[in-house]
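Chains A and B supply the protein sequences, listed in that same order. Here the first sequence is numbered in the working numbering, starting from 2 and rising by one per residue. Here the second sequence is numbered in the working numbering, starting from 648 and rising by one per residue. Glycine is no exception: its CB is placed at the ideal position from the N, C-alpha and C atoms. Predicted model, so just to flag it, every value in this text is computed and none were measured. Some notes on the structure that comes next.
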Amino acid sequence: MRIGLPPASKRQKPRFAHNMDEELYKENILDHYRHPRNFGKPETYDVREKSSNPLCGDELTLYLAFDGETVSGARFEGDGCAISIAAGSMLTEKIKGKDIGELKLMTPGDIYTMLGIKISHTREKCALLAYATLINILAVR
Amino acid sequence: MRYLKKSMNISEKIKNDFPFFEKTGVAYLDSAATSQTPQVVLDAMEAYYTIFRANVHRGLYGLSAEATERFEGARETIAQFIGASKEEIIFTGSATMSSNLLTYALENTLELREGDEILLSAMEHHSSIVPLQELAQRKKLKLVYIPLAEGFALDYKEAKRLITPRTKIVAVMRASNVLGTINDVRAISQTARKNGAIMIVDATSAAGHAPLSVKDLDCDYLYFSGHKMCGPTGIGVLYGRRDFLEKLYPGFFGGGMIDRVTREKSSWREVPGRFEAGTPPIAEAIGLAAAAEYINEIGFPAIREQIEDVFSYARETLSRIPNVSIYARTDARENAGILSFTIKGVHPHDAAEILSRENVAIRAGHHCAEPLLSELGETALCRASFYFYNTRGDADRLAAGIKKAKATLRA
Ligand SMILES: Cc1ncc(COP(=O)(O)O)c(C=O)c1O
């Protein structure tokens, strides 16, 4: 009943294996993941926005304080993978002191550059979770 | 090592039946999402496409008769596979389509009143929950959940208490796609029956992984997908008790399901054809029947022995890794081959990514069971699922990958 495989010439090459050279968990990412900056709910803030990525269970809340048009404080908390936590940590560092106009010009590409790693399709949502939360806040300001 | 290798009926060689393994070399531990396809299933479908392809139930020529015979033969095979009769088997596109079709049909048939209740187990998959939630909203029904007891099992005492004459529908899955727990559906269906409620069983995680008998489960409706039991994608099965199907109003309409059509109204074909509107998944039904025959040929005693051996071995191996928590009952006989776990300091998404770089495929996330995950107090779990083609070697690769993930993230 069991029938053999087609000849090798007809078979396709496996596509599963990742390119091991594309290092994802670089020192810098691990550092931000294990010791996230600006982590934890601040005592005072002006806006609070929560986002989640239900598929992989990431949750992130961003707290911003404004001084006029300028971000005077940025903190976050949440539960997520190394990439989403590192991105939250780096983003809060990056946006402090910037004004709303500048932030509105930020693109996903800036986030990838900031992370410094190649983001595959399956990690896009993780990498951009903090950024998407920021965009939601900016949309109403 | 506590688990000595016994003489087993299934050996490493079983992988040779599946082109996938030779092509990829992957330790594939995601059969609960979709299983791999044996060559015999591919051959059965290819025969349809290359030798006797025709539509069913309509062409008045030899080929169509042959296609119809094979398609109806597939129905017979699947009926036997779950201990039902041919008239009780409806082919659909998937478990999800079965669940939606059934919900519409029940809505068209039952007299549901505001305040009536639908009882679901806390383990249900979104494909069971969401259609019933929508029905509840349309009809102003109340959704009630059977909670978990200790040890990743359902609370059967609570279940019995929660079934009352107000309960109109009870939905309990045969095996959880997250915890792997095989539920004692019969214990609940008998109480449901006494209270006049309809008993629906999602058998998607159980079909092909453990013997399945609608008589033993004593259920009214049962459904599953073909693609988690070595069959193709695009095919699902909905079983309905004959006397219930006779009274069930169709959920979907169109060609293929009608007897006569006038400009104003139509009448329906006999059961089960009236529930199969449009051209059915013909090649897929033939492929699914080939899968069922392949599984029968290996036999459930051997399948269970292999799944239980590898599950127990993996469970024990993982439980020895520090900071790994396991979400499964200890007795492998009560498990469909599914081992969910978390690693402290390693998010499931990172674990799956690092494992995939080691050529080990597991799944991470909520596994389409968000209410269950919130009952467990988790947002995501890692899930390794074992089928009869998996070996202790695959479990070893999983354990090695977990250690690698911990090292990578310094957890
Ligand atoms: C227990 C269970 N029920 C239902 C489904 C839905 O199956 P499908 O996606 O094939 O419709 C799945 C698979 O995802 C499942 O694991």
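CA-to-CA, the gap between L790/B and D1043/B works out to about 42 angstroms. Contacts between A1027/B and chain A, judged by CB atoms closer than 7 angstroms, involve C57, G58 in chain order. Judged by DSSP secondary structure, M846/B falls within the beta strand (DSSP E) whose first and last residues are 845-849. One residue after another in chain order, those with a Cβ under 5 angstroms from a heavy atom of ligand 1 are S741/B, A742/B, T743/B, H772/B, S774/B, N824/B, D849/B, T851/B, S852/B, S872/B. Scanning the stretch 900-956 of chain B for uninterrupted beta strand (DSSP E) segments of 3 residues or longer gives 905-908, 913-915, listed from N- to C-terminal end.
If you look at K894/B, you'll find it in the alpha helix (DSSP H) that goes 889-894.
Taking C-beta separations shorter than 6 angstroms and ignoring five residues to either side along the sequence, the partners of S836/B in its chain run M846, D865, C866, following chain order. Inter-residue distance for A131/A and R76/A is about 11 angstroms (C-alpha atoms, whole angstroms). The beta carbon of A87/A does not come within 7 angstroms of any beta carbon belonging to chain B, so the residue lies off that interface.
Residue contact with chain B for A83/A: present (Cβ-Cβ distance below 7 angstroms to some residue of chain B). Within the stretch 104-125 of chain A, no residue has a Cβ lying closer than 7 angstroms to any Cβ of chain B. Distances from the alpha-carbon of Y34/A to those of L1023/B, V993/B, D1041/B, A1016/B put V993/B closest. Residue burial annotation: R760/B is exposed, with fewer than 16 other C-beta atoms found within 10 angstroms of its C-beta.
Here D664/B is buried. Its C-beta has 16 or more other C-beta atoms within 10 Å.
G58/A places its beta carbon less than 7 angstroms from that of A1027/B.
Counting along the chain, the unbroken beta strand (DSSP E) around E60/A starts and ends at 59-68. Beta bridge pairing from DSSP links A674/B with V1007/B.
For L1056/B, the chain A residues whose C-beta falls within less than 9 angstroms of its own C-beta are Y26, L31, Y34, R35, A83, listed in chain order. Chain-order list of chain B residues neighbouring D100/A: empty, with the shortest C-beta distance near 33 angstroms, by a criterion of under 7 angstroms. Secondary structure of Y113/A (DSSP, three-state): helix. If you draw a straight line from the Cα of L25/A to the Cα of K119/A, it is about 7 angstroms long.
The continuous stretches of beta strand (DSSP E) do not include L710/B, which lies in the alpha helix (DSSP H) extending over residues 709-728.
Taking one beta carbon from each stretch, the stretch 844-862 of chain B and the stretch 1005-1014 of chain B have fewer than 3 pairs nearer than 8 angstroms; the two do not touch. Using beta-carbon distances, G1012/B counts as an interface residue toward chain A, with a partner under 7 angstroms. In this structure E940/B is in contact with T724/B, their Cβ atoms being roughly 6 angstroms apart against a cut-off of 8 angstroms. A straight line joining the alpha-carbon of R888/B with that of Y868/B spans about 6 angstroms.
Here V957/B has G984, F1033, N1037, T1038, R1039, D1041, A1042 as same chain residues with Cβ atoms under 8 angstroms from its own Cβ, once five neighbours each way along the sequence are excluded. Note that the C-beta distance between E764/B and T838/B is not below 7 angstroms. One alpha carbon belongs to A87/A, the other to S959/B, and they sit about 36 angstroms apart.
Rounded to the nearest angstrom, the gap between the Cα atoms of Y695/B and L935/B is 13 angstroms. Residue range 789-793 is occupied by the beta strand (DSSP E) that includes L790/B. Close CB contacts of T715/B within its chain, under the 7 angstroms cut and outside five residues either way in sequence, are with V703, H704 (chain order). A residue is called buried once 16 or more other Cβ atoms fall within 10 Å of its Cβ, and N54/A is buried on that count. Bounds of any beta strand (DSSP E) do not take in R35/A; it lies within the alpha helix (DSSP H) bounded by 28-35.
Between A999/B and I990/B, the CB-CB gap reaches or exceeds 7 angstroms.
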